[in-house]
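Quick notes on the structure that follows.
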Amino acid sequence: MPLQRFRAQVERVRDLTHDVREIELRLKEPPAIAFKAGQFVSFEVGRDALNRTIVRPYSIASPPSQGERVLLVLNLVPGGPGSTYLFSLRVGDETEFKGPTGAFYLREDPARDLLFVATGTGIAPLRSMLYTLSERGFARPVTLYWGLRSQRDLYYQDDLEALARAHPNFSFITTLSRPEDGWSGERGRVTPLVEARIASVQNLAVYLCGNEGMIKDVTAVLQKKGLCPIYREKYY
Ligand SMILES: Cc1cc2nc3c(=O)[nH]c(=O)nc-3n(C[C@H](O)[C@H](O)[C@H](O)COP(=O)(O)OP(=O)(O)OC[C@H]3O[C@@H](n4cnc5c(N)ncnc54)[C@H](O)[C@@H]3O)c2cc1C
Numbered sequence: 191m192p193l194q195r196f197r198a199q200v201e202r203v204r205d206l207t208h209d210v211r212e213i214e215l216r217l218k219e220p221p222a223i224a225f226k227a228g229q230f231v232s233f234e235v236g237r238d239a240l241n242r243t244i245v246r247p248y249s250i251a252s253p254p255s256q257g258e259r260v261l262l263v264l265n266l267v268p269g270g271p272g273s274t275y276l277f278s279l280r281v282g283d284e285t286e287f288k289g290p291t292g293a294f295y296l297r298e299d300p301a302r303d304l305l306f307v308a309t310g311t312g313i314a315p316l317r318s319m320l321y322t323l324s325e326r327g328f329a330r331p332v333t334l335y336w337g338l339r340s341q342r343d344l345y346y347q348d349d350l351e352a353l354a355r356a357h358p359n360f361s362f363i364t365t366l367s368r369p370e371d372g373w374s375g376e377r378g379r380v381t382p383l384v385e386a387r388i389a390s391v392q393n394l395a396v397y398l399c400g401n402e403g404m405i406k407d408v409t410a411v412l413q414k415k416g417l418c419p420i421y422r423e424k425y426y
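When we follow this note's numbering, the leftmost residue of the sequence shown carries the number 191, and every step to the right adds one.
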């Protein structure tokens with residue numbers, strides 16, 4: 191299916207940390223978007239020195255059930271055209287994007303438990319999947335491992351705790367690679383966590399999103415444990 195072009199208005203902007211922002215877009219034309227949890231949309235964010243259009247993709251962090259809105263979660267990359275453009279948007283501004291697209295979407299596989307692994311804003315498509323699974327009552331166990339740097343980079347912890355309280359089949363661990371003093375939670379990167387805690391990949395489907403290093407390392411760790419579907423979205 192050809193990509194559709196959407197016009198949208200910024201409805202809400204919320205800083206989640208010192209460099210991560212949530213931007214909620216309300217669709218104007220067409221008034222709703224149909225997508226699969228995990229897919230992304232693309233913004234034309236400027237032109238390069240050769241006058242070519244610069245395009246940047248961003249995952250939809252909201253679930254498909256809220257098709258009249260698109261929630262973005264992104265970090266500011268200083269000097270980066272994509273994140274600088276989106277961080278410049280104010281409530282009421284209009285923007286355009288194309289989509290939805292992407293092969294990183296939640297599969298309908300009722301026979302498998304799910305393992306989600308994210309680094310940084312790689313949580314965005316997994317958030318869409320988690321709220322989709324929540325709407326369905328988390329029929330199978332779902333585990334999320336999320337790697338961030340330090341306490342000041344934490345966000346969505348209360349939301350995830352609320353999900354876990356409401357659904358015994360959902361659990362999550364946030365691990366900090368460089369925690370400051372006073373952190374009593376998990377330390378280190380997500381890869382050793384997967385290595386230590388995932389005993390078997392039988393009946394497991396895995397979704398990885400974030401930086402290339404994590405995706406390569408976690409894939410290698412899982413493949414040593416056996417065969418299972420591994421879906422991957424590399425941000426950089
Ligand atoms: C399918 C897909 C979906 C994506 N969805 C999201 C999303 O939901 N949220 C989000 O924050 N980003 C997302 N990204 C990354 C996003 O498209 C941009 O690459 C990112 O915002 C940086 O673009 P920029 O033009 O600001 O910086 P650029 O000038 O392109 O600089 C990129 C450099 O910044 C560094 N960097 C730091 N953080 C990131 C990051 N998050 N992503 C990429 N590079 C980073 C890397 O070193 C990278 O080489 C996605 C990427 C893909 C491929």
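Glycine included, each C-beta is placed from N, C-alpha and C at the ideal position.
Rounded to a whole number of angstroms, what is the C-alpha to C-alpha distance between residue i and residue j?
i: residue 334; j: residue 259; result: 25 Å
i: residue 319; j: residue 420; result: 15 Å
i: residue 327; j: residue 353; result: 10 Å
i: residue 289; j: residue 366; result: 33 Å
i: residue 408; j: residue 389; result: 14 Å
i: residue 243; j: residue 423; result: 23 Å
i: residue 219; j: residue 308; result: 32 Å
i: residue 285; j: residue 370; result: 38 Å
i: residue 385; j: residue 237; result: 43 Å
i: residue 415; j: residue 387; result: 12 Å
i: residue 306; j: residue 340; result: 20 Å
i: residue 425; j: residue 229; result: 13 Å
i: residue 375; j: residue 195; result: 43 Å
i: residue 223; j: residue 193; result: 11 Å
i: residue 350; j: residue 360; result: 9 Å
i: residue 247; j: residue 399; result: 14 Å
i: residue 356; j: residue 287; result: 34 Å
i: residue 298; j: residue 391; result: 18 Å
i: residue 348; j: residue 226; result: 25 Å
i: residue 211; j: residue 269; result: 16 Å
i: residue 255; j: residue 291; result: 17 Å
i: residue 344; j: residue 295; result: 25 Å
i: residue 239; j: residue 271; result: 12 Å
i: residue 293; j: residue 362; result: 24 Å
Thinking residue i and residue j are a contact (beta carbons under 8 Å), I'd like their distance in whole angstroms, please.
i: residue 396; j: residue 412; result: 6 Å
i: residue 346; j: residue 253; result: Incorrect: roughly 14 Å between the Cβ atoms, too far for contact.
i: residue 303; j: residue 393; result: 6 Å
i: residue 338; j: residue 312; result: Contact flag wrong, Cβ pair sits at about 10 Å.
So, for residue i: in the same chain, excluding its five sequence neighbours on each side, which residues have a beta-carbon less than 6 Å away from its beta-carbon?
i: residue 364; result: 336
i: residue 317; result: 251
i: residue 266; result: 209, 273 and 277
i: residue 314; result: 249, 251 and 263
What are the residues that DSSP puts in a beta bridge with residue i?
i: residue 395; result: 304
i: residue 244; result: 236
i: residue 374; result: According to DSSP, which records beta bridges pairwise, residue 374 is partnered with nothing at all.
i: residue 388; result: Note: residue 388 sits in no beta bridge, so no partner.
i: residue 359; result: None, per the DSSP bridge assignment.
i: residue 200; result: 215
i: residue 424; result: 400
i: residue 286; result: 197
i: residue 335; result: 307 and 363
i: residue 259; result: 216
Can you list, in chain order, the residues of its chain with a C-beta nearer than 8 Å to that of residue i? Leave out the 5 residues immediately preceding and following it.
i: residue 164; result: Only positions 191 to 426 of the chain appear in this structure, which leaves residue 164 out of reach.
i: residue 427; result: In the structure as shown, the chain starts at 191 and stops at 426, and residue 427 therefore has no counterpart that could be examined.
i: residue 325; result: 253 and 255
For residue i, which residues from the same chain have a beta carbon less than 7 Å from its beta carbon, with the 5 sequence-adjacent residues on both sides left out?
i: residue 323; result: 332
i: residue 216; result: 198, 199, 201, 258 and 259
i: residue 213; result: 200, 203, 262, 276 and 279
i: residue 342; result: 207 and 208
i: residue 221; result: 258
i: residue 373; result: 341 and 366
i: residue 205; result: 211
i: residue 377; result: 365, 366 and 369
Got a sec: is the Cβ-Cβ distance from residue i to anything in chain B below 9 Å?
i: residue 311; result: Looking for chain B here will not work: only one protein chain is present.
Give a yes or no on contact between the stretch 374–382 and the stretch 402–416, applying the rule of three or more CB pairs nearer than 8 Å.
Yes, since at least three Cβ pairs between the stretch 374–382 and the stretch 402–416 fall closer than 8 Å, the two stretches touch.
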